[in-house]
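Residue numbers for the sequence shown follow this note's numbering, so the first one is 121 and each next one is one higher.
Yeah, the Cβ is synthetic: ideal placement off N, Cα and C, and Gly gets one too.
Quick caveat: nothing in here was measured; it's all calculated off a predicted structure.
Working notes, structure below.
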Amino acid sequence: MTYQTPRGTYDILPDEIYKWHDVEDKIRNIAEKYCYEEIRTPYFESTGVFARENDSSDMVNKEMYSFMSGDESYTLRPEGTAGVIRSFDQHKFYGSMELPTKFYYVGPMFRHERPQKGRQRQFTQFGVENIGVKSPEIDAETIALGINIIKSLGIQSYKVLINTLGDDASRSAYREALKTHFKDHLDELCGDCHRRYEQNPLRILDCKVDHDNPIVQSAPQLSDYLNDESKEYFQRVLNALDALGIPYEIDNRLVRGLDYYTHTVFEVVSTRKDSGAQATVFAGGRYDHLVEYFGGPELSGMGFAIGLERLLMLASEEGYEFTLPKELDAYVISLGNVGSTPLVIANKLRDKGYKCEVNMTARSLKAQFKSADRNKAKYIIILGEDELKEGVVNLKNTATREQVTVSIDDIEKQIESWNA
Ligand SMILES: [Zn+2]
């Protein structure tokens, strides 16, 4: 039998992994500067963690990988926020002295979607959640964090789209207005929008099928239904973005794909021509009811998620040079019956912090030199039976082509003097 990776999944091979390490290092470094701490939640949770009552999103309704184990239904996490909030409540972080609690996560997510460029069924997300304090300044700072990350990877062509969904009162007034607007026009909308009409009519505005539908275009605007409190909150977010020097565009139709958002929602999109129609780089928003949903008190949170596959792609497109893996310091060539001495030599060097490879195959000197060359070894250590008898090796500096004979105990000293 032969097998391939399942559709929508892929192997990250050594010639790509260094890019991932670079991106992950940058992300951790920046998140930690903003005093976020990493949290690792399980890759699967009880299905109810994600499939919340009456959720209208495609993610919950169409794209989840769920399975039964005994009498319980579990789901591979399709996103990071729900698990983090479940954990926040389970461990009663809300009782801690210092709110907000600031978490970040990096790891695989799973959605049963049609695979396309930059979209996989198993994909990797980095995200942050700032939980416990409702403040417009937190919303702005969270956006700034994300922008810092994409800038650190050389991504310059982007813009920030922002909107407010208002508080509960504003949104329910708007929801009623939308219901009235669409009531007699349901047959003009796609099948999914019929479900959205019942569950969350705001999502009709987000429909890709009905994007240019006149009845959607003529829908009432959320901004006309915002109460003063919601308007003031939003204005403070914008003021803080101005103060941080982050340009933005207000996009009245931005509602985001998940049902739990309130107040601020935003999307940072790539403005590169070759990255498709306004590809999202990262996106998120504020949520007022998730902490309660999982049994905690009434506390608000703010977060975003970045898909790392797309982030890597954009960084490459913008010419970012990823940090290369550490090069090989020394390669040990072994000839004839030299027992385990090559291993001992290599291990001593590794203990001192050198990256070291040892030949373990009976093959010619020429073949071994080729391996050393292919691995870009800075130094080559040659040990044959004669050398072993005398307790020495031949040591070659590949940059200067200098070659010396040194005692086995002096290899490190010689390398150090070359390195100096
Ligand atoms: Zn539709």
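Measure the Cβ-Cβ separation of residue i and residue j and say whether it is below 8 Å.
| i | j | result |
| --- | --- | --- |
| Thr384 | Thr284 | yes |
| Tyr225 | Gly252 | no |
| Arg356 | Pro445 | no |
| Tyr278 | Ile269 | no |
| Leu455 | Glu477 | no |
| Gln245 | Ile426 | yes |
| Leu428 | Val143 | yes |
| Ile366 | Ala264 | yes |
| Phe164 | Arg127 | no |
| Asp326 | Leu309 | no |
| Ala492 | Ile465 | no |
| Phe230 | Tyr185 | yes |
| Tyr130 | Gln240 | yes |
| Gly421 | Asp209 | no |
| Val388 | Gly266 | yes |
| Asp287 | Asn347 | yes |
From residue i to residue j, what distance separates their C-alpha atoms?
| i | j | result |
| --- | --- | --- |
| Leu342 | Arg295 | 9 Å |
| Ile502 | Asp135 | 29 Å |
| Arg291 | Tyr345 | 7 Å |
| Leu410 | His211 | 15 Å |
| Arg172 | Phe386 | 22 Å |
| Arg234 | Ile159 | 29 Å |
| Tyr413 | Glu441 | 43 Å |
| Pro220 | Arg206 | 16 Å |
| Glu532 | Gly511 | 15 Å |
| Glu349 | Trp140 | 43 Å |
| Leu374 | Gly404 | 11 Å |
| Ala487 | Gly504 | 15 Å |
| Arg315 | Leu419 | 29 Å |
| Thr518 | Trp538 | 11 Å |
| Thr525 | Lys472 | 21 Å |
| Asp312 | Asp175 | 13 Å |
| Ile324 | Arg494 | 57 Å |
| Tyr553 | Tyr214 | Because the chain spans 121 through 540 in this model, residue 553 falls outside it and cannot be assessed. |
| Arg105 | Tyr138 | Outside the shown range of the chain, which is 121 to 540, sits residue 105, and nothing can be said about it. |
| Ile258 | Thr161 | 24 Å |
| Lys516 | Gln534 | 10 Å |
| Lys328 | Gln124 | 32 Å |
| Gly612 | Ala202 | Residue 612 falls outside the range modelled here, since the chain spans only 121 to 540, and no answer is possible. |
| Ala363 | Thr122 | 58 Å |
| Ser484 | Asn467 | 23 Å |
| His301 | Gln236 | 35 Å |
| Gly439 | Ala151 | 23 Å |
Have a look at the options and flag the residue whose alpha-carbon is nearest the alpha-carbon of residue i.
| i | options | result |
| --- | --- | --- |
| Ala497 | Val389, Ile251, Asn479 and Asn347 | Asn479 |
| Lys222 | Ile531, Asp178 and Lys153 | Lys153 |
| Tyr499 | Arg373, Trp140, Gln523 and Asp175 | Gln523 |
| Lys490 | Tyr451, Gly511 and Gly459 | Tyr451 |
| Thr481 | Ser460, Leu469, Glu349 and Gln276 | Ser460 |
| Ser166 | Ser193, Met184 and Val180 | Ser193 |
| Met433 | Arg392, Arg241 and Arg494 | Arg392 |
| Leu469 | Ser216, Gly168 and Glu536 | Glu536 |
| Asp506 | Val169, Asn457 and Glu418 | Asn457 |
| Glu218 | Cys155, Asp307 and Asp175 | Cys155 |
| Glu318 | Ser177, Ile150 and Asp530 | Ser177 |
| Ala435 | Ser390, Thr201, Lys182 and Lys475 | Ser390 |
| Asn359 | Ala260, Arg521 and Asn347 | Ala260 |
| Asp530 | Glu183, Thr443 and Asn514 | Asn514 |
| Ser338 | Arg521, Asn372 and Ser527 | Asn372 |
| Leu463 | Lys328, Ile528, Lys303 and Asp191 | Ile528 |
| Glu437 | His232, Asp394, Thr122 and Asp307 | Asp394 |
| Arg148 | Ser216, His305 and Gly227 | Gly227 |
| Lys254 | Asp408, Thr520, Arg483 and Ala540 | Asp408 |
| His232 | Thr443, Gly190 and Glu183 | Glu183 |
Contact check, residue i vs residue j under 8 Å by CB: the rounded distance?
| i | j | result |
| --- | --- | --- |
| Pro340 | Ala297 | 5 Å |
| Gly423 | Thr262 | 7 Å |
| Tyr368 | Arg406 | Not quite, the Cβ-Cβ distance comes to about 15 Å (not below 8 Å), so this is no contact. |
| Pro321 | Lys351 | The Cβ separation is near 22 Å, so there is no contact. |
| Lys146 | Leu281 | Going by Cβ atoms, the distance from Lys146 to Leu281 rounds to 24 Å, so no, they are not a contact pair. |
| Glu249 | Val204 | 5 Å |
| Val180 | Phe170 | 6 Å |
Spell out whether any CB of chain B is found under 8 Å from the CB atom of residue i.
| i | result |
| --- | --- |
| Ala519 | As a matter of chain content, chain B is missing from the structure shown, which is built from one protein chain. |
CB of residue i to nearest heavy atom of ligand 2: below 7 Å?
| i | result |
| --- | --- |
| Leu309 | Only ligand 1 can be found as ligands here, which leaves ligand 2 out of the picture. |
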